[in-house]
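Colleague:
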Amino acid sequence: MTTNCPDLSHSRLRPAVRRNLQRLLAPRRMAFIGGAQAERTLATLRQQAFEGTVDVVHPRRDKMEGYPCVQRIADLPAPPDAVFLAVNADATIDALNELREMGAGGAVCYASGFSEIGAAGAERNRAFIAASGDMAVVGPNCYGLVNYVNHGSIWPAPYPRLSGTRGAAVISQSGNVTSHFVSNDRSVPFSYLVSAGNQAVLGFEDYIEFLIDDPNVTCIGLFMEGIRDVPAFAQACLRAREKGVPVIACRSGRSDLGAAMAASHTSSLAGQNEYYDALFDRLGVIDTETVPQFLEMLKLASLAAPVTGPRIAIFSSSGGDNGLAADYCSFAGLDLPQPGKAVVDVIKPMLPSYGHVSNPLDFTAGYWGNEKLLTPMFTAMLADDVDAGLLVIEYPPASRDASAQEAMDRALASAGTTSRKPVFHASVNSGGITPEASQAMIAQGIVPLQGLHDAAQVIAKWVRNGARSQGGGNTVPPYAVAPLVDAPRSVNEAESKRRLAAHGLPVPAGRVLTLEGLRALPETLDGPMALKVLHDDLPHKTDVGGVALGLKTRADALAAAQRMKDALARHKPGLVLETFLMEPMQTASLAELIVGVKRDPLFGLVLVIGAGGIFVELLKDARTLLLPATRDEVEAAIRSLQTFPLLDGFRGRPKARLGAVVDAIMAVADYAGAHIDTLSELDVNPLMVTETGAIAVDALIVEAPRAN
Numbered sequence: 002m003t004t005n006c007p008d009l010s011h012s013r014l015r016p017a018v019r020r021n022l023q024r025l026l027a028p029r030r031m032a033f034i035g036g037a038q039a040e041r042t043l044a045t046l047r048q049q050a051f052e053g054t055v056d057v058v059h060p061r062r063d064k065m066e067g068y069p070c071v072q073r074i075a076d077l078p079a080p081p082d083a084v085f086l087a088v089n090a091d092a093t094i095d096a097l098n099e100l101r102e103m104g105a106g107g108a109v110c111y112a113s114g115f116s117e118i119g120a121a122g123a124e125r126n127r128a129f130i131a132a133s134g135d136m137a138v139v140g141p142n143c144y145g146l147v148n149y150v151n152h153g154s155i156w157p158a159p160y161p162r163l164s165g166t167r168g169a170a171v172i173s174q175s176g177n178v179t180s181h182f183v184s185n186d187r188s189v190p191f192s193y194l195v196s197a198g199n200q201a202v203l204g205f206e207d208y209i210e211f212l213i214d215d216p217n218v219t220c221i222g223l224f225m226e227g228i229r230d231v232p233a234f235a236q237a238c239l240r241a242r243e244k245g246v247p248v249i250a251c252r253s254g255r256s257d258l259g260a261a262m263a264a265s266h267t268s269s270l271a272g273q274n275e276y277y278d279a280l281f282d283r284l285g286v287i288d289t290e291t292v293p294q295f296l297e298m299l300k301l302a303s304l305a306a307p308v309t310g311p312r313i314a315i316f317s318s319s320g321g322d323n324g325l326a327a328d329y330c331s332f333a334g335l336d337l338p339q340p341g342k343a344v345v346d347v348i349k350p351m352l353p354s355y356g357h358v359s360n361p362l363d364f365t366a367g368y369w370g371n372e373k374l375l376t377p378m379f380t381a382m383l384a385d386d387v388d389a390g391l392l393v394i395e396y397p398p399a400s401r402d403a404s405a406q407e408a409m410d411r412a413l414a415s416a417g418t419t420s421r422k423p424v425f426h427a428s429v430n431s432g433g434i435t436p437e438a439s440q441a442m443i444a445q446g447i448v449p450l451q452g453l454h455d456a457a458q459v460i461a462k463w464v465r466n467g468a469r470s471q472g473g474g475n476t477v478p479p480y481a482v483a484p485l486v487d488a489p490r491s492v493n494e495a496e497s498k499r500r501l502a503a504h505g506l507p508v509p510a511g512r513v514l515t516l517e518g519l520r521a522l523p524e525t526l527d528g529p530m531a532l533k534v535l536h537d538d539l540p541h542k543t544d545v546g547g548v549a550l551g552l553k554t555r556a557d558a559l560a561a562a563q564r565m566k567d568a569l570a571r572h573k574p575g576l577v578l579e580t581f582l583m584e585p586m587q588t589a590s591l592a593e594l595i596v597g598v599k600r601d602p603l604f605g606l607v608l609v610i611g612a613g614g615i616f617v618e619l620l621k622d623a624r625t626l627l628l629p630a631t632r633d634e635v636e637a638a639i640r641s642l643q644t645f646p647l648l649d650g651f652r653g654r655p656k657a658r659l660g661a662v663v664d665a666i667m668a669v670a671d672y673a674g675a676h677i678d679t680l681s682e683l684d685v686n687p688l689m690v691t692e693t694g695a696i697a698v699d700a701l702i703v704e705a706p707r708a709n
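If you read the sequence shown in the numbering used here, its first letter stands for residue 2, the second for the next number, and so on.
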């Protein structure tokens, strides 16, 4: 199919901006401009290990938090690498102009009152962007950034210290949610956390492009309310995928109310969930559903080795815990293979008489904390045909003795080392592992995971990410679309079918006839026929009684045509009907599909494949792909439909020739890609699927005039 993807080089960071973003995240000289908010941020900086120079600008103060002040930006002794601007919106623009002219590196802009307030802030937003120039500017309407690498943080509240400088880099559109991330007690290693705000200058795509080259970054986390530039975002994520840096997302705006809140918050366009799902699947972005799951995924991606497959061995001393683990892991898509005979022969003699060798393995309460016996049990289980091990044990509060849990972790770590397979320790409750215990596990090569349900989900996502990173799949960014130059109009069915047939879509052998042409037909028609009204202004023919089926004679056709003209005179007075489309009736199908393309200003051309016929409203069974799409993606979408068994020999029925169905859908996608500048929407409904192929019984193209 056509893959004329537009040039996306504009989305890459300009060299000057890249250099300035490097200065912002590794500052040697910082400046703080403003009053109370700047003072709070300075107080936080004092608690960190920043070794550079700090300047403060305040027109009426000599000192702030022990740092000397100058009265004006022009009085700064040298251009700062990183600036915190905590002044009002208009003063922010003036300050950016001064900082740009003096050669500052980057700035975090706290003020609100820009694009998030709609038209009232639009002009101010344009001035903000112009004033920024090549500076690396975060915000506006943002909280700041936490820097665990260089410790040059711009953050107005205390945050915990971490022992290392390497970890997840998080970009968040919400300052307050970023605060939740910073203050978590899940032992997530971080490198940077950036509250991105409105993303007037730097967007997700820019941060990703820069951070994937930073050796301190293990993965990139995105808390998002929307994406401003999908093709540029896609290009950045695909580059991250090539470099082996996982991108992990947590998104608000999934509900209608949430989407409305996101738009009012940071002027984001929060698109439909299905479009985001299709985008993330294309790019290999790991999508998470909750903030706890997001944090656990960041931790796992930062600490865990790749898991080569979905087979997992589970250990616990409780039948109840093992039952929950089996449920949650199965629901997540993980496999729990039962131990082979060799493993049973090794473990069975170690268990009490009432013990049973299975997966999950219940090593019984009698062996609680028995490192000497548990080590060979765990080792034997991991030596079997599994890809990873999971111990399900709760830790007591820090004030109580945890020596038994520590012994079991040592057994798990030893088994993981011997088998060279990843091992995880999950608590049933979220918060069931103390920070002290987590750090001890990490030191031994165990990944601690809080909450058994989330643990199963993130392990499964990590397995799928590993499989995806092996290569293959569609690595072409989605099409970028420009606004249509004029109002779109529908194209009549005959012309729509003619155009689509030229791209390979099978259509019935139809004839366009006038009333005179109908009168010239033979008395008996060549098989049952369908007659339809034909007019560019009648896209929905059934609404005006414009379809007649099963016509066998000339008299049937003429009577149907007259009924259509009479109905049209009632429903659409003034519209002149001159032509009709006559086609042979199609034989019974195995199933009907709906294939459509919709134009979305953010996601480009969106291909929807769904079950047709009576299942349209009953099941709402559809899959979404972003164009350009590959044959493999289209086939996978068809196979994932709930109604796919109807095409696959359900209850002894014939099987469809799936390749022909894919061919038909690719023809629709090919037409859309070739008309990216004019296509508004396209519908083939139904696409009838038979044993031998597929045929488009109805089709509609809606397009705008092509620009000169």
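Glycine is no exception: its CB is placed at the ideal position from the N, C-alpha and C atoms.
Could I get the ranges of all uninterrupted alpha helix (DSSP H) runs contained in the region 175-217, with 4 residues as the minimum, in chain order?
Modeller: 176-183, 205-212
Colleague: Given a cut-off of 8 Å, decide if Val486 and Ala327 are closer than it, judged by their beta-carbon atoms.
Modeller: no
Colleague: Would you mind listing the alpha helix (DSSP H) stretches within the region 95-155 that are 4+ residues and don't spill past its ends, in chain order?
Modeller: 120-133
Colleague: Between the C-alpha atoms of Met530 and Gln643, what's the straight-line distance to the nearest angstrom?
Modeller: Here the C-alpha atom of Met530 lies approximately 32 Å from the C-alpha atom of Gln643.
Colleague: Return yes when the Cβ of Thr588 is within less than 8 Å of the Cβ of Thr691, no when it is not.
Modeller: yes
Colleague: Closer than 8 Å is the cut-off here; do at least three beta carbon pairs connect the region 220-240 with the region 163-175?
Modeller: Output reads yes: the region 163-175 touches the region 220-240.
Colleague: Quick one: using the 10 Å Cβ neighbour count with 16 as the cut-off for buried, is Leu304 buried or exposed?
Modeller: buried
Colleague: Can you list, in chain order, the residues of its chain whose CB lies under 7 Å from that of Arg13, leaving out five sequence neighbours each side?
Modeller: Glu210
Colleague: Taking DSSP as the reference, what is the three-state secondary structure of Asp385?
Modeller: Annotated three-state conformation of Asp385 is coil, per DSSP.
Colleague: If you check the beta carbons only, do Ala137 and Leu22 fall under 8 Å apart?
Modeller: Cβ atoms of Ala137 and Leu22: closer than 8 Å.
Colleague: If I'm right that Pro307 touches Gly467 with Cβ under 8 Å, what's the distance once you round it to whole angstroms?
Modeller: 5 Å
Colleague: What's the C-alpha gap between Gly613 and Val84?
Modeller: 57 Å
Colleague: Mind the definition here: the region 381-401 touches the region 339-351 only if three or more C-beta pairs lie below 8 Å; say whether that holds.
Modeller: yes
Colleague: Regarding Leu352 and the ligand SAM, is the C-beta to nearest heavy atom distance less than 7 Å?
Modeller: Absence of the ligand SAM from the depicted structure is noted, as is the absence of any ligand whatsoever, leaving it without description.
Colleague: Do Ala665 and Leu688 come within 8 Å of each other at the CB atom, strictly closer than that value?
Modeller: Leu688 places its beta carbon less than 8 Å from that of Ala665.
Colleague: Go ahead and pull the three-state DSSP assignment for Thr4.
Modeller: No answer about Thr4 holds up, because its pLDDT of 37 lies below 50 and its placement is not dependable.
Colleague: Just how far apart, CA to CA, sit Cys251 and Arg162?
Modeller: Straight across, the Cα-Cα distance linking Cys251 with Arg162 is about 24 Å.
Colleague: Can you tell me where the alpha helix (DSSP H) holding Ala468 begins and where it ends?
Modeller: Bounds of the alpha helix (DSSP H) holding Ala468 are 453-469.
Colleague: Within the same chain, show all residues whose beta-carbon is closer than 6 Å to that of Asp186, passing over the 5 residues directly before and after it, in chain order.
Modeller: Pro436
Colleague: Tell me whether the beta-carbon of Val248 lies closer than 8 Å to the beta-carbon of Val286.
Modeller: yes
Colleague: Considering only residues of the region 476-519, which uninterrupted alpha helix (DSSP H) runs meet the minimum length of 4 residues and lie entirely inside it, listed in chain order?
Modeller: Fully contained in the region 476-519 are the following alpha helix (DSSP H) runs of length 4 or more, in chain order: 494-503.
Colleague: I want to know whether the region 668-680 touches the region 618-631 - three or more CB-CB distances under 8 Å.
Modeller: yes
Colleague: Look up Ala264 in the DSSP assignment and say whether it is helix, strand or coil.
Modeller: Bear in mind that the predicted position of Ala264 carries a pLDDT of just 47, short of 50, making it unreliable; the figure below should be weighed with that in mind. Residue state, collapsed to three classes: helix.
Colleague: Per DSSP, what kind of secondary structure is Leu77 in: helix, strand or coil?
Modeller: coil
Colleague: Mind checking which residues open and close the beta strand (DSSP E) that includes Ala561?
Modeller: Segment 555-572 is the alpha helix (DSSP H) holding Ala561; no beta strand (DSSP E) there.
Colleague: Between Val703 and the rest of its own chain, which residues show a CB-CB distance below 6 Å, the 5 nearest in sequence each way excluded?
Modeller: Pro489, Ser491, Ser681, Glu682
Colleague: Restricting to runs no shorter than 4 residues, where is the alpha helix (DSSP H) found entirely within the region 626-688?
Modeller: Counting only runs of 4 or more, we get 632-640, 659-675.
Colleague: Sorted by chain position, which residues of the same chain lie with C-beta nearer than 8 Å to Ala568's C-beta, five sequence neighbours on each side aside?
Modeller: Val545, Gly546, Gly547
Colleague: Per DSSP, what kind of secondary structure is Lys422 in: helix, strand or coil?
Modeller: Taken through DSSP and simplified to helix, strand or coil, Lys422 comes out as coil.
Colleague: What are the start and end residues of each continuous beta strand (DSSP E) run of 3 or more residues lying completely inside the region 399-448, in chain order?
Modeller: 424-427
Colleague: Between Val393 and Asp322, which are expected to be in contact by the criterion C-beta below 8 Å, what is the C-beta distance as a whole number of angstroms?
Modeller: 5 Å
Colleague: I'd like to know whether the C-beta atoms of Leu712 and Val598 end up nearer to each other than 8 Å.
Modeller: In the structure as shown, the chain begins at 2 and stops at 709. Residue 712 is therefore absent and cannot be evaluated.
Colleague: With a threshold of 8 Å, are at least 3 pairs of Cβ atoms found where one atom belongs to the region 33-45 and the other to the region 141-161?
Modeller: yes
Colleague: Span of the beta strand (DSSP E) holding Gly528?
Modeller: 525-535
Colleague: Does Gln587 come out as helix, strand or coil in the three-state DSSP assignment?
Modeller: coil
Colleague: In whole angstroms, what is the alpha-carbon distance linking Asp56 and Ser188?
Modeller: Cα to Cα, Asp56 sits roughly 33 Å from Ser188.
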